Structures are given as C-alpha cells and as structure tokens.
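If you read the protein sequences in the order shown, they are chains A and B. In the numbering used here, each residue carries its 1-based index in the first sequence increased by 10. In the numbering used here, each residue carries its 1-based index in the second sequence increased by 160. Don't be surprised by glycine CBs; every beta carbon is placed ideally from N, CA and C. If you're wondering where the values come from, they're calculated on a predicted model, not measured in any experiment. A quick write-up on the structure given underneath.
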Amino acid sequence: MMFIAGTAGLAAAIILGLVRALLGPTLYDRVLVVNSIGTMTVLMIAVLGFLMGRPEFMDIALLYALINFIGTIAVLKFFRYGDMARPGGRHIAREGGGEGDADD
Amino acid sequence: MPGKAAGKATPMINVILDIVSWILILSGTFFVVTGAIGLVRLPDVYTRMHGAGLVDTLGAALFLAGLMVQGGFTLISVKLGLIIVLLFFTSPTSSYALANALRSQGVRAQAAGEDLPEEKAEEGSTSTPS
C-alpha cells in the first residue's frame, strides 16, 4: 500500500514537470525539467520493482541515474559549443592546439 | 517479500519497520511533489533550480531510504544505497553545470532584484578568478 501511495505521488510530480516542460520559455527550463523528471523516473523504477516483486529493477534504476547525469551534461555541452568532440573549458580551447579547431 | 524474516523474528519488529517505512516514503513523496509544484509555479530559472534541487536531494534520499527499510539486509538495499550515493554526487554537479551555462549565456535573475542591465553584460565576459 505504501508503494502505491509513492507511485501515485511520483506520477503527479511527473505530470507537473511535464506542464513546466511544455510551458518553459527557454531551453534551460527544459534541461532542468529533463534532469528532474529523470530523477523521479529513477525513484519510480525502484518503487515499481518493489510493487511488482522484481528486484532486478534496481539495476535498471542505477543505470538510469548514470544515463540521466551523462545526458544532462551532454545536452548542455552540445548547446554551448555546438559540437560534442570539442574540448570543454575556455582556456583549454584557446591554448591547446588540437587537430580539429580551425575556427579558433 | 517483507515476510522473509517473519518466521524467526517477532511480529512487533515488522510493525515498527512498516511504520518507519511509511513515514520515510510519505515524507519523500511530499518533498518530491513540493519540488514539482515549485518547478511549475516559481517565476525564474534560478528559482526553479531550487525546486529541482529539493526533488534531487531530500525527496530522493528519503524515498530510497524508505525502500531500503523495506528491503532489509539484502543486495537490494546495497543497490539502493548506491543509487543514493550516485544521486548525492551527480545532482549538484549537473546543477552547477546548468547554472554555469546560464551565467555564461547572460541569463538574468529577475527574482533576486538584479535589474541592472549594464552590470550583467560585463559579468558574462569575465571569468572566475581561480
């Protein structure tokens, strides 16, 4: 019964996050909402593993937490530099003479 | 699944563990829903990050701690503890990356009274004195 209550609360929170993702005026609101909904999805996978009696779901939740973090960092880097292969950091990109940065 | 140790232990400890788990899961759900309401109703990107931080830290930690009480001394609780540790380190990192991107793009915080237009223009070009 406590798992059903937690699942209902998480579903309501995810719906509220989707409202902000649809209304969000800038890109950064949507990135923030994607990160937050990812955390709620990790919690929901964990509680569904308890609710259905499948403890293998904890591995999926752990993996989803990793992918959520990597995805947020990747989206932020892509929209800042426009390229995933570019070295991050302003001073590194300026003084490090790499192979591919002909635009600097 | 919770009746695994019920054969040897007294049923009193199961009632206490259920009450502790109810309290932890309900308070975690309360913080998650509160953070989601703040995500909808707060006026600015920086203040919405406050609501998202409420979901990431206290809501997730309390919720997973309630599930750990329900799981007992098994491998499930070890994996839930790993999820708590992972969220504890990655959530401030992604929040910092988002705030750093916001400051470098020159997005202004309107809720903090930062209405000076020229001060923020030179703030975006200077880097931190590390």
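Inset, instruction - Run down chain E in chain order and give the residues with a C-beta less than 7 Å from the C-beta of Val215 of chain B. - result: Here chain E cannot be found, since the structure's protein chains are A and B.
Inset, instruction - Can you tell me which of B:Val175, B:Ile185, B:Asp216 and B:Phe248 puts its alpha carbon nearest to the alpha carbon of Ile14 of chain A? - result: B:Ile185
Legend entry - Local conformation of Leu202 of chain B per DSSP, three classes: Of the three classes helix, strand and coil, the one that applies to Leu202 of chain B here is coil, per DSSP.
Inset, instruction - Give the secondary structure of Met11 of chain A by DSSP, where H, G and I count as helix, E and B as strand, and everything else as coil. - result: coil
Inset, instruction - For Arg96 of chain A, go through chain B and note every residue whose CB falls closer than 8 Å to its CB, in chain order. - result: Residues of chain B passing the Cβ test: none, with the nearest at roughly 15 Å.
Inset, instruction - Verify the CB distance criterion: does Tyr38 of chain A have a CB-CB separation below 8 Å to chain B? - result: yes
Legend entry - Rounded C-alpha distance that separates Val43 of chain A from Leu235 of chain B: 31 Å
Inset, instruction - Using the Cα positions of Leu32 of chain A and Val41 of chain A, report the straight-line distance between them to the nearest angstrom. - result: 12 Å
Legend entry - Inter-residue Cα distance where the pair is Asp204 of chain B and Ile55 of chain A: 30 Å
Inset, instruction - Ignore the nearest five residues each way along the sequence and tell me which others in Thr217 of chain B's own chain have a CB closer than 7 Å to its CB. - result: Ser251
Inset, instruction - Could you tell me the distance, in whole angstroms, from the CA atom of Ala71 of chain A to the CA atom of Gly59 of chain A? - result: 9 Å
Inset, instruction - Measuring alpha carbon to alpha carbon, tell me which of A:Leu73, A:Asp39 and A:Asp69 ends up nearest Ser255 of chain B. - result: A:Asp39
Inset, instruction - Find out if the Cβ-Cβ distance for the pair Lys239 of chain B, Met50 of chain A is shorter than 8 Å. - result: no
Legend entry - Three or more C-beta pairs below 8 Å linking the region 223-235 of chain B and the region 195-210 of chain B: No: fewer than three Cβ pairs fall under 8 Å.
Legend entry - Extent of the continuous alpha helix (DSSP H) run through Ala269 of chain B: In the DSSP annotation of this structure, Ala269 of chain B is not part of any alpha helix (DSSP H), being labelled neither H nor E.
Inset, instruction - Give the single residue among B:Phe223, B:Val192 and B:Asp178 whose Cα lies nearest to the Cα of Gly27 of chain A. - result: B:Val192
Inset, instruction - Please list the partners that Ile179 of chain B has in chain A, where partner means a Cβ-to-Cβ separation under 9 Å. - result: Residues of chain A passing the Cβ test: none, with the nearest at roughly 10 Å.
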